[in-house]
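Visitor:
Protein chains in written order, with our numbering: chain Z, 1 to 582; chain X, 583 to 907.
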């Protein structure tokens, strides 16, 4: 076993093969990137609230990107692009899946570690390398990639089209290639571990929903990320070797380019074949964490376990056949649009089942409001609010007038951004005692939650109104056209809440690092939860359990079971004589 | 200099403050003989009520926005298919608002009602197949309705009767729009990107005689109640032609010609009377296309047949412009 060898600083904290340490590496890298992405959004929100107003401090900070203290339009697009890239891939894929898949899978299925600790370590270090390349791209002469996080060619393919499509774009693509390699190594490991290393008695029907969610997520990633990889490679070919996969009939800067016969629409198909499952790669882990945290803190079994698993599988499957709803207006055959409308709106059914099951889990519970629980409920709220507007966007006829407007920005930030971020926060607050053996401060946690919850709705709900007024996204200012003049007030409200919300995140950062060193000591099972990770010692040893691995006798959700003397029963506790499983 | 020192000192002061707050709260719970950071019944009581209040405040905030910002939204559509789309939009919007106004307060109420109390046991309720089938089937039925209605509108919007439509080409490049009328023959002359040179910015094939009566303009005039088929091309990157008041949007993709046919129903002057003197129909770019993306628009004018004929007669066709050079 791994716990026999002597560990040095390098093998324990840097090139660690212990899944718990790798999870923390993912988490802290993700947190760092989240702060960076948030800072970028603060910058462009300031511009949007006061278009053209000079803030001398911006010139001090950004130099040529804010001449005279006013953000440069190209740099505005760079900020938007990098904000999206960082949040979608680095925070909500790497940071969320990377952290919780690594941390929870072995602990909750009763394994000593991942199937391959070495590949797991590689997964993090590819992610780390990708992070370094992406940050490097912020410092090149022509600026980072600026064509939107979806990097549609020809804009992203031609350095003549915008400065950000020069070296910045090359580095973006290299970073993504490294990121995908890391994700695939991680994802394969997660799948193999869940299938092969479950402890005695841990049948698939007894897996906690977190693991089910992470399992489906890993499958989605393994099936869709290779497509992004090839999509990116072809773009590198077009950019570097003069091929014409995505390009044709282009005149730019007065010069006719040689590209002929390619199609930018091909890129969109390939990109969104990853891009849509990616949405659920982000969302499902958060829903899994939410299921777990809500059940533990309602002191009730999750309602409809089988329906919860079935809806995860249904959402996972459907996510592969809906990508065209991002492309209704590319000139695709209207019949194809109809098919994608049909499949897209079907997703509302498993999503509705999830919401109803969450609500029924809370119903007649004995709800304990830990910070994690507040965030988990926040996820349910944003999943309702944001999911509903998806019914408008998924309908091709309605998409005509809201496509690429702020309505979309509001929709996906609520349903995917907020739900996932809240799920991630819920996970951190819930499993912090297991990660570091200490508790996070309760009061600061409450403050962080309320500040975040209130400000986040203040930021993203008003965006629907901007969108319904016709305002396109990725506009440097709303005042170019008189028809959008009345919208400045809404933009000012959004920016106010965005900046206020950002301040509250520092409370979390403080709480996190303070509690690692100074937090009150945690007990073995501080939340009185049933799952296996709470049977491990507080000291967090390599190999997870001293001595034998635990044996599982029941599902993870026996809370407040009639006939039991306390309101939770560990999964390791055998069924009593005559006791039904559930 | 002093300013810079303040910038450096401020974060340090904030961290120090947070450390003190944290210590004080932990000391306070020790004084109250509670385990620090353990959720107490008092916490449950307070947080449950607070959550309910905040969720209700959110609902009020939503209603407030609808009242205050509602008038800023786009007016009713100015096109035939747009009116049908608006009908679908109102139906869908009302549907999701009803669901939202039921589920969100319900969530808030549950949090208040079932906030944790000491010595209370939750209700062990693991599943109920009948209930679950009901709430799978009901959304399925409602969504079937939404899908059928939606697809019918989509079909109508995408396949309008364009037999007598005039054809207008909308041409995009970084960062501006140009339009080309097909002239008396109602046929656009051929174009090829390799012919783009000097004044021939659209790459029109001048050897194709159907191009000779084409007219190149910088704003588009349309006739009220007369169908028009817009054909979109792009010179460099993907743009998107978005005309919100008509409920028209289509991507302009280099190498491909896309199209959107519609019939405007309100003249610009009618809209000015309704929306104010500043009103103009605008086509704006709605696909990120570079630094001046936010600034890329073209005016559309809807008028009566007489006004249109008058305007058209003042425009010069290619025979009198490009061909004379």
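The C-beta atom is built at its ideal place from N, Cα and C for all residues, glycine as well.
1) So with CB distances below 8 Å, who are the chain X contacts of residue 477 (chain Z)?
2) Should residue 667 (chain X) be flagged as near chain Z, meaning a C-beta pair shorter than 8 Å?
3) According to DSSP, is residue 67 (chain Z) part of a helix, a strand, or is it coil?
4) Could you confirm whether any beta carbon from chain X is found closer than 8 Å to the beta carbon of residue 406 (chain Z)?
5) Quick one: is residue 300 (chain Z) buried, meaning 16 or more other Cβ sit within 10 Å of its Cβ, or exposed?
6) By a C-beta neighbour count over all protein chains shown, 10 Å radius and 16 as the cutoff for buried, is residue 583 (chain Z) buried or exposed?
7) Is the beta carbon of residue 292 (chain Z) closer than 8 Å to that of residue 209 (chain Z)?
8) Between the Cα of residue 812 (chain X) and the Cα atoms of X:748, X:677, X:676, X:719, which residue gives the shortest distance?
9) Please classify residue 49 (chain Z) as buried or exposed, where buried requires at least 16 other C-beta atoms within 10 Å of its C-beta.
10) Measuring only the C-alpha atoms, how far is residue 2 (chain Z) from residue 105 (chain Z)?
11) Ends of the alpha helix (DSSP H) at residue 842 (chain X)?
12) Answer yes or no: do residue 278 (chain Z) and residue 88 (chain Z) have a C-beta to C-beta separation smaller than 8 Å?
13) Residue 241 (chain Z) to residue 76 (chain Z), Cα distance in whole Å?
14) Which residue wins for smallest C-alpha separation from residue 297 (chain Z), given the options Z:248, Z:341, Z:224, Z:373?
15) In whole angstroms, give me the CA-to-CA distance for residue 792 (chain X) and residue 838 (chain X).
16) Can you look up residue 322 (chain Z) in the DSSP assignment and give me helix, strand or coil?
17) Output yes if chain X places a C-beta closer than 8 Å to the C-beta of residue 535 (chain Z); else output no.
18) At 8 Å on the CB atoms, spell out the chain X contacts of residue 300 (chain Z), in chain order.
19) Taking buried to mean at least 16 other C-beta atoms within 10 Å of its own C-beta, is residue 258 (chain Z) buried or exposed?
20) Distance, Cα to Cα, residue 249 (chain Z) vs residue 159 (chain Z)?
21) If you run the structure through DSSP and keep just helix, strand and coil, what is residue 867 (chain X)?
22) Just to make sure I have the definition right: I need the residues of chain X whose C-beta is within less than 7 Å of the C-beta of residue 238 (chain Z). Which are they?
23) With respect to the alpha helix (DSSP H) encompassing residue 83 (chain Z), which residues constitute its N-terminal and C-terminal limits?
24) List, in chain order, every chain X residue whose beta-carbon is nearer than 9 Å to that of residue 578 (chain Z).
25) Taking only the alpha-carbon atoms, compute the straight-line gap between residue 181 (chain Z) and residue 276 (chain Z) and give it to the nearest angstrom.
26) 8 Å is my cut-off, CB to CB: does residue 747 (chain X) come that close to chain Z?
27) Whole angstroms are fine: how far does the CA of residue 770 (chain X) sit from the CA of residue 286 (chain Z)?
28) Which bits of chain X does residue 364 (chain Z) rub up against, with CB to CB less than 8 Å?
29) Just the Cα atoms here: how many angstroms apart are residue 737 (chain X) and residue 824 (chain X)?
30) At the level of alpha carbons, what is the spacing between residue 348 (chain Z) and residue 326 (chain Z)?
31) Using the Cα positions of residue 601 (chain X) and residue 512 (chain Z), report the straight-line distance between them to the nearest angstrom.
32) Give the single residue among Z:199, Z:253, Z:392, Z:288 whose Cα lies nearest to the Cα of residue 731 (chain X).
33) Report the residues of the stretch 503–515 of chain Z with a CB closer than 9 Å to any CB of chain X, ordered along the chain.
34) With 7 Å as the limit, tell me which residues of the stretch 245–256 of chain Z have their beta carbon closer than that to any beta carbon of chain C; keep them in chain order.
35) Counting Cβ pairs, one atom from each stretch, are 3 or more of them under 8 Å apart for the stretch 876–887 of chain X and the stretch 78–98 of chain Z?
Guide: Looking at the coordinates:
1) The contacting residues are 876.
2) By this cut-off, residue 667 (chain X) is an interface position.
3) DSSP places residue 67 (chain Z) in helix when its eight states are reduced to three.
4) Chain X has no Cβ within less than 8 Å of the Cβ of residue 406 (chain Z).
5) It counts as buried.
6) What the structure shows of chain Z is the stretch from 1 to 582, and residue 583 (chain Z) is not part of that stretch, so it cannot be assessed.
7) Going by C-beta atoms, residue 209 (chain Z) is nearer than 8 Å to residue 292 (chain Z).
8) For the residues X:748, X:677, X:676, X:719, the minimum Cα distance to residue 812 (chain X) belongs to X:748.
9) Per the 10 Å Cβ criterion, buried.
10) Residue placement at residue 2 (chain Z) is poorly supported in this model, since its pLDDT is 46, which falls under 50; the coordinates still yield a value, given next. Distance between the alpha carbons of residue 2 (chain Z) and residue 105 (chain Z): 18 Å.
11) No alpha helix (DSSP H) contains residue 842 (chain X), which is instead part of the beta strand (DSSP E) from 840–844.
12) Taking 8 Å as the Cβ cut-off, residue 278 (chain Z) and residue 88 (chain Z) qualify as a contacting pair.
13) Rounded to the nearest whole angstrom, the C-alpha separation of residue 241 (chain Z) and residue 76 (chain Z) is 30 Å.
14) It is Z:373 whose Cα lies nearest to the Cα of residue 297 (chain Z).
15) CA-to-CA, the gap between residue 792 (chain X) and residue 838 (chain X) works out to about 20 Å.
16) The three-state secondary structure of residue 322 (chain Z), taken from DSSP, is coil.
17) It does not; no Cβ of chain X falls within 8 Å.
18) Within 8 Å Cβ-Cβ: 704, 705, 706, 707.
19) Note on residue 258 (chain Z): under 16 other CB atoms within 10 angstroms of its CB, so exposed under the neighbour-count rule.
20) The alpha-carbon of residue 249 (chain Z) is positioned some 16 Å away from that of residue 159 (chain Z).
21) In the structure shown, residue 867 (chain X) adopts extended strand secondary structure according to DSSP, grouped into three states.
22) The premise fails here: residue 238 (chain Z) is roughly 13 Å from chain X at the closest Cβ pair, so nothing lies under 7 Å.
23) 73–85 is the span of the alpha helix (DSSP H), which, as asked, contains residue 83 (chain Z).
24) Near residue 578 (chain Z) there are no residues of chain X at all, since even the closest Cβ is about 16 Å away, more than 9 Å.
25) Those two C-alpha atoms are separated by around 19 Å.
26) By this cut-off, residue 747 (chain X) is not an interface position.
27) So the alpha carbons of these two residues sit roughly 53 Å apart.
28) Simply 696, 704, 705, 707.
29) A direct Cα-to-Cα measurement between residue 737 (chain X) and residue 824 (chain X) gives close to 19 Å.
30) A straight line joining the alpha-carbon of residue 348 (chain Z) with that of residue 326 (chain Z) spans about 17 Å.
31) Each residue's Cα considered, the two are about 12 Å apart.
32) In this structure, Z:392 is the residue among Z:199, Z:253, Z:392, Z:288 with its C-alpha nearest to the C-alpha of residue 731 (chain X).
33) The residues in question are 506, 507, 510, 511, 514, 515.
34) No chain C is part of this structure, whose protein chains are labelled Z and X.
35) Flag = no, the stretch 876–887 of chain X and the stretch 78–98 of chain Z do not touch.
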